[in-house]
Amino acid sequence: MRKAFEEFKAYFKKEKELFDALAQSQHPKWMIIACSDSRVDPALVLGLELGEAFILRNIASLIPPHSKQSGHKSGASAIEYAVEHLKVEHIMIVGHSRCGGIKALLEMKEDGSNRFSEYIEDWIQIAQPASEIAKAKVPHDSPFEELWTCCVKESVNLSLRNCMSYPFVKIPMEKGLLTLHGAYFDFVNGAFDVWKLKCKIDEHQSL
Amino acid sequence: MEWIICRSVAIGNCASRMGRFGNENAYETAIDSLDNLLKNCPELKEKAGKKIEELVKELSLEAKVEHDVKAVVSQLDPVEKIRKGFQEFKAHFKKEQTLFKALAESQHPKWMIIACSDSRVDPALVLGLGLGEAFIVRNIASLVPPHSKESGHSSGASAIEYAVLHLKVEHIMIVGHSRCGGIKALLGMKEDGSNRFSEYIEDWIAIANNASKTAKAKCSHDSPFEDQWTCCVKESVNVSLWNCMSYPFVKEAVQQKKLALHGAYFDFVNGDFQRWALNYRVDEPESL
Chain A
493 MRKAFEEFKA
503 YFKKEKELFD
513 ALAQSQHPKW
523 MIIACSDSRV
533 DPALVLGLEL
543 GEAFILRNIA
553 SLIPPHSKQS
563 GHKSGASAIE
573 YAVEHLKVEH
583 IMIVGHSRCG
593 GIKALLEMKE
603 DGSNRFSEYI
613 EDWIQIAQPA
623 SEIAKAKVPH
633 DSPFEELWTC
643 CVKESVNLSL
653 RNCMSYPFVK
663 IPMEKGLLTL
673 HGAYFDFVNG
683 AFDVWKLKCK
693 IDEHQSL
Chain B
8 MEWIICRSVA
18 IGNCASRMGR
28 FGNENAYETA
38 IDSLDNLLKN
48 CPELKEKAGK
58 KIEELVKELS
68 LEAKVEHDVK
78 AVVSQLDPVE
88 KIRKGFQEFK
98 AHFKKEQTLF
108 KALAESQHPK
118 WMIIACSDSR
128 VDPALVLGLG
138 LGEAFIVRNI
148 ASLVPPHSKE
158 SGHSSGASAI
168 EYAVLHLKVE
178 HIMIVGHSRC
188 GGIKALLGMK
198 EDGSNRFSEY
208 IEDWIAIANN
218 ASKTAKAKCS
228 HDSPFEDQWT
238 CCVKESVNVS
248 LWNCMSYPFV
258 KEAVQQKKLA
268 LHGAYFDFVN
278 GDFQRWALNY
288 RVDEPESL
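Those sequence lines, one after another, are chains A and B. To convert, note that position 109 of the first sequence is 601 in the working numbering; the numbers rise steadily by one, no gaps. To convert, note that position 189 of the second sequence is 196 in the working numbering; the numbers rise steadily by one, no gaps.
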């Protein structure tokens, strides 16, 4: 790490104009929510540079829904800061192939009889609805990998909908100031798919 | 490992910016209050004029800085930029097939890194980490809440449990940084909550309350704010390190010497990185 930091330091000295500006403030256009998995670093995969993306990382890139309940809100606070203060223009939630968190979710028994952790299951069960959708969508006799992939993507969509449950997200989205994107990074085949979340409520019509 | 000692400078305006929806009303209310005050106390007009001049200068500087950053950071359409970025990664992916085939099967990172979500402190870029090397948690101010039986989602606790018990990482490093907006907001928080500005942010950063108290006690009243800010960031890292230790599975792994905990401070103003170890030792009891 020491060697690598020396390389960074050389880069730091070379790009003085950039770092002088960044030292004053940050104006990232992106907020990216990605899994903590060591294989899915968004900066490395998407070629992001310092200053470009405000990044939240947790197991399975989950966002819980807006709630008045007490409890630590690492996701909610980060989104509030990114949208209200940094005024990011895009939020992207990135799921990925072979996600251990989503696999554990799919294997969880309803009665909790195969519980294996103190905290992990309580965290990943945020995505429980995605597990139900995936199990309904994918035929029973398909390979597990198909169910796994489907569940990761449904979990991303669920987290996107949960993002929208925060008024400070919904309002700029409706004004066209903020775009929500889902993404799936497949590090088995080297592919990256993105999709937008569009939400439109038509004009009311009187009957 | 020995690291370069960092020096700290910290100014920042991120956490103090008004939100999208509050600012227009707050401005109108403030102008109305000022108007009323000056109607009743016209002798204050000169003083008010001078303060307003200072405010205009400060805001102009802020507007200019924002313009400068935007001029220097890439102006490519954001989606186009990441499309190009991924194409470069894809070329690398095709070249390093042995590595990626192994990573596709499983991950064995030696490090868990907890860093701030701040766009200027990406640990992979700063520390030259490759894919597969570090399990990374990022949140505002790189905070770890203490072990607690209370229900409620715990993203930090679940990630640490997974990293220590399942991935069996050998090191956890918590990285604080210069000009941290979250810590600045923490230092500015009034105890009675009268200057609350957010729905969630203050409840989150209150995890580091003790760091704020320690920093204010350590730094004399007349030192520059930057000193207190830097001190508070480092104390907050230490608070989070101790909170890590409050998890039995962390404590056990540390005591068995299977896991080492490190604090770190990344100074992107001066391009320095300082690291320190958490040394934990319980001696054998001695009979009196």
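Note that beta-carbon positions come from the ideal geometry of N, C-alpha and C, so glycine has one too.
Checklist entry - In angstroms, rounded to a whole number, what distance separates the CA positions of Leu652 (chain A) and Leu670 (chain A)? => result Reading the first sequence from its first residue, position 160 is the one you call residue 652 (chain A). Reading the first sequence from its first residue, position 178 is the one you call residue 670 (chain A). One alpha carbon belongs to Leu652 (chain A), the other to Leu670 (chain A), and they sit about 13 Å apart.
Item to check | Ala683 (chain A) versus Ala526 (chain A): straight-line alpha-carbon distance, rounded | outcome: Reading the first sequence from its first residue, position 191 is the one you call residue 683 (chain A). Reading the first sequence from its first residue, position 34 is the one you call residue 526 (chain A). Ala683 (chain A) and Ala526 (chain A): Cα-Cα distance of roughly 16 Å.
Checklist entry - Do Ile120 (chain B) and Phe142 (chain B) have their CB atoms nearer than 9 Å? => result Stepping through the second sequence from its first residue, residue 120 (chain B) is reached at position 113. Stepping through the second sequence from its first residue, residue 142 (chain B) is reached at position 135. For Ile120 (chain B) and Phe142 (chain B), yes; Cβs fall inside 9 Å.
Item to check | Beta-ladder partner(s) of Met600 (chain A), from DSSP | outcome: Here the question's residue 600 (chain A) lines up with position 108 in the first sequence. Answer is none; Met600 (chain A) lacks a bridge partner.
Checklist entry - Which runs of the beta strand (DSSP E) fall wholly inside the region 206-278 of chain B and span at least 3 residues, in chain order? => result 267-274
Item to check | Proximity to Glu498 (chain A) [Cα-Cα], best of B:Val171, B:Gly135, B:Asn216, B:Leu295 | outcome: The residue labelled residue 498 (chain A) in the question sits at position 6 within the first sequence. It is B:Gly135.
Checklist entry - Buried or exposed: Gln561 (chain A), going by 16 or more other Cβ atoms within 10 Å of its Cβ? => result Against the first sequence, residue 561 (chain A) aligns to sequence position 69. Exposed: under 16 other Cβ atoms inside 10 Å.
Item to check | Residues within the region 513-540 of chain A neighbouring chain B, beta-carbon criterion of under 7 Å | outcome: Ala513, Leu514, Ala515, Gln516, Ser517, Gln518, His519, Pro520, Lys521, Trp522, Ser528, Asp529, Ser530, Arg531, Asp533, Ala535, Leu536, Val537, Leu538, Gly539, Leu540
Next on the checklist: Using a 10 Å radius around the Cβ and a threshold of 16 neighbouring Cβ atoms, would you call Val289 (chain B) buried or exposed?
Outcome noted: Taking the second sequence and counting its residues from 1, the one referred to as residue 289 (chain B) is at position 282. Classification of Val289 (chain B): exposed, given that the 10 Å Cβ count is below 16.
Checklist entry - When you check each C-beta in the region 547-559 of chain A against every C-beta of chain B, which residues fall closer than 7 Å? => result Ile547, Leu548, Arg549, Asn550, Ile551, Pro556
Checklist entry - Of all Cβ atoms in chain A, is any one closer than 9 Å to the Cβ of Arg203 (chain B)? => result Locating residue 203 (chain B) in the second sequence gives position 196, where the first residue counts as 1. With 9 Å as the cut-off, Arg203 (chain B) does not count as an interface residue toward chain A.
Item to check | Whole-angstrom distance between Gln281 (chain B) and Pro85 (chain B), CA atom to CA atom | outcome: Counted from its first residue, the second sequence places residue 85 (chain B) at position 78. Counted from its first residue, the second sequence places residue 281 (chain B) at position 274. Approximately 33 Å between the Cα atoms of the pair.
Checklist entry - Does Ser605 (chain A) come within less than 9 Å of chain B when only Cβ atoms are used? => result Sequence index remark: in the first sequence, residue 605 (chain A) carries index 113 (1-based). Ser605 (chain A) does not count as touching chain B.
Checklist entry - In terms of DSSP beta bridges, what is Asp678 (chain A) paired with? => result Within the first sequence, the letter at position 186 stands for residue 678 (chain A). Paired residues: A:Ala683.
Checklist entry - What first and last residue would you give for the alpha helix (DSSP H) that runs through Ile89 (chain B)? => result Translated into positions along the second sequence, residue 89 (chain B) becomes position 82. Element bounds for Ile89 (chain B): 85-102.
Item to check | Endpoints, beta strand (DSSP E) assigned at Val133 (chain B) | outcome: Residue mapping note: residue 133 (chain B) aligns to position 126 of the second sequence, counting from 1. Membership of Val133 (chain B) in any beta strand (DSSP E) is not indicated; the residue belongs instead to the alpha helix (DSSP H) covering 130-134.
Next on the checklist: So if DSSP puts Gln697 (chain A) in a beta bridge, which residue, or which two residues, is it bridged to?
Outcome noted: As a position in the first sequence, residue 697 (chain A) is number 205, starting the count at 1. Paired residues: none, contrary to the question.
Next on the checklist: Taking CB distances under 9 Å as the criterion, tell me whether Ala570 (chain A) reaches chain B.
Outcome noted: Here residue 570 (chain A) refers to the residue found at position 78 when the first sequence is read from its first residue. Yes, Ala570 (chain A) counts as interfacial toward chain B.
Next on the checklist: To the nearest angstrom, how far is the alpha carbon of Asp39 (chain B) from that of Pro153 (chain B)?
Outcome noted: Within the second sequence, numbered from 1, the residue matching residue 39 (chain B) stands at position 32. Within the second sequence, numbered from 1, the residue matching residue 153 (chain B) stands at position 146. Approximately 45 Å, taken between the alpha carbons.
Checklist entry - Skipping 5 residues on each side, what residues in its chain have a beta carbon closer than 8 Å to that of Ile12 (chain B)? => result Residue mapping note: residue 12 (chain B) aligns to position 5 of the second sequence, counting from 1. Because the pLDDT at Ile12 (chain B) is just 22, under 50, the model does not fix this residue reliably, and the value given afterwards should be weighed accordingly. Excluding positions up to five away in sequence, the list reads Asp279, Gln281.
Checklist entry - Would DSSP call Arg653 (chain A) helix, strand or coil? => result Position 161 of the first sequence, counting from 1, holds the residue named residue 653 (chain A). Arg653 (chain A): helix per DSSP, three-state reduction.
Next on the checklist: Can you confirm whether the region 193-203 of chain B touches the region 127-134 of chain B when touching is taken to mean that 3 or more C-beta pairs between the two stretches lie within less than 8 Å?
Outcome noted: no
Checklist entry - Are there 16 or more other CB atoms within 10 angstroms of the CB of Asp52 (chain B), so buried, or fewer, so exposed? => result What you label residue 52 (chain B) is simply residue 45 of the second sequence in a count that begins at 1. Checking the sequence shown, residue 52 (chain B) turns out to be Lys, not Asp. The residue is exposed, with fewer than 16 neighbouring Cβ atoms inside 10 Å.
Next on the checklist: I'd like to know whether the C-beta of Met493 (chain A) is nearer than 9 Å to at least one C-beta of chain B.
Outcome noted: Numbered from its first residue, the first sequence carries residue 493 (chain A) at position 1. Met493 (chain A) belongs to the set of residues whose beta carbon lies under 9 Å from a beta carbon in chain B.
Checklist entry - Does Arg590 (chain A) get closer than 9 Å to chain B when you measure Cβ to Cβ? => result The count along the first sequence starts at 1 and reaches residue 590 (chain A) at position 98. Closer than 9 Å to some Cβ of chain B, the Cβ of Arg590 (chain A) qualifies, so yes.
Next on the checklist: Can you tell me where the beta strand (DSSP E) holding Leu180 (chain B) begins and where it ends?
Outcome noted: Position 173 of the second sequence, counting from 1, holds the residue named residue 180 (chain B). One detail in the question is off: residue 180 (chain B) reads as Met in this sequence, not Leu. Its beta strand (DSSP E) spans residues 178-184.
Next on the checklist: Let me check one thing: in DSSP terms, what residues is Leu51 (chain B) bridge-paired to?
Outcome noted: Within the second sequence, residue 51 (chain B) is the residue found at index 44, counting from 1. Note: Leu51 (chain B) sits in no beta bridge, so no partner.
Item to check | Which of helix, strand or coil DSSP assigns to Gly56 (chain B) | outcome: Your numbering for residue 56 (chain B) matches position 49 in the second sequence. If DSSP states are grouped into helix, strand and coil, Gly56 (chain B) belongs with the helices.
Next on the checklist: When you compare the CB of Ile143 (chain B) with every CB in chain D, is at least one pair closer than 9 Å?
Outcome noted: Going by chain labels, chain D is absent from the structure shown, which instead holds the protein chains A and B.
Next on the checklist: I'd like the list of long-range same chain contacts for Tyr272 (chain B), defined as Cβ closer than 6 Å, with 5 residues on each side in sequence excluded.
Outcome noted: As a working mapping, residue 272 (chain B) is identified with position 265 in the second sequence. These residues qualify, in order along the chain: Cys13, Gly183, Lys241, Gln281.
Item to check | Interface flag, Gly682 (chain A) vs chain B, CB-CB below 9 Å | outcome: Indexing the first sequence from 1 puts residue 682 (chain A) at position 190. Yes, Gly682 (chain A) lies at the interface with chain B (some Cβ there is under 9 Å from its Cβ).
Checklist entry - Quick one: which chain B residues come within Cβ less than 7 Å of Tyr611 (chain A)? => result Your numbering for residue 611 (chain A) matches position 119 in the first sequence. When 7 Å is used as the limit between beta carbons, Tyr611 (chain A) is near these residues of chain B: Ser161, Ala164, Ser165, Glu168, in chain order.
Next on the checklist: Here's a check: name, in chain order, each residue in its chain whose Cβ is nearer than 8 Å to the Cβ of Leu174 (chain B), leaving out the five neighbours to either side.
Outcome noted: Counting from one through the second sequence, the residue named residue 174 (chain B) turns up at place 167. Counting only Cβ-Cβ distances below 8 Å, and skipping sequence neighbours, we find Gln114, His115, Pro116, Met119, Phe142.
Checklist entry - Run through DSSP, which three-state label would Phe504 (chain A) get? => result Taking the first residue of the first sequence as position 1, residue 504 (chain A) is located at position 12. Note: Phe504 (chain A) maps to helix in three-state DSSP.
Checklist entry - Does any residue of chain B bring its CB to less than 9 Å from the CB of Glu581 (chain A)? => result Position 89 of the first sequence holds residue 581 (chain A). Closer than 9 Å to some Cβ of chain B, the Cβ of Glu581 (chain A) qualifies, so yes.
Next on the checklist: In whole angstroms, give me the CA-to-CA distance for Gln104 (chain B) and Val63 (chain B).
Outcome noted: Against the second sequence, residue 104 (chain B) aligns to sequence position 97. Against the second sequence, residue 63 (chain B) aligns to sequence position 56. Cα to Cα, the separation comes out at about 57 Å.
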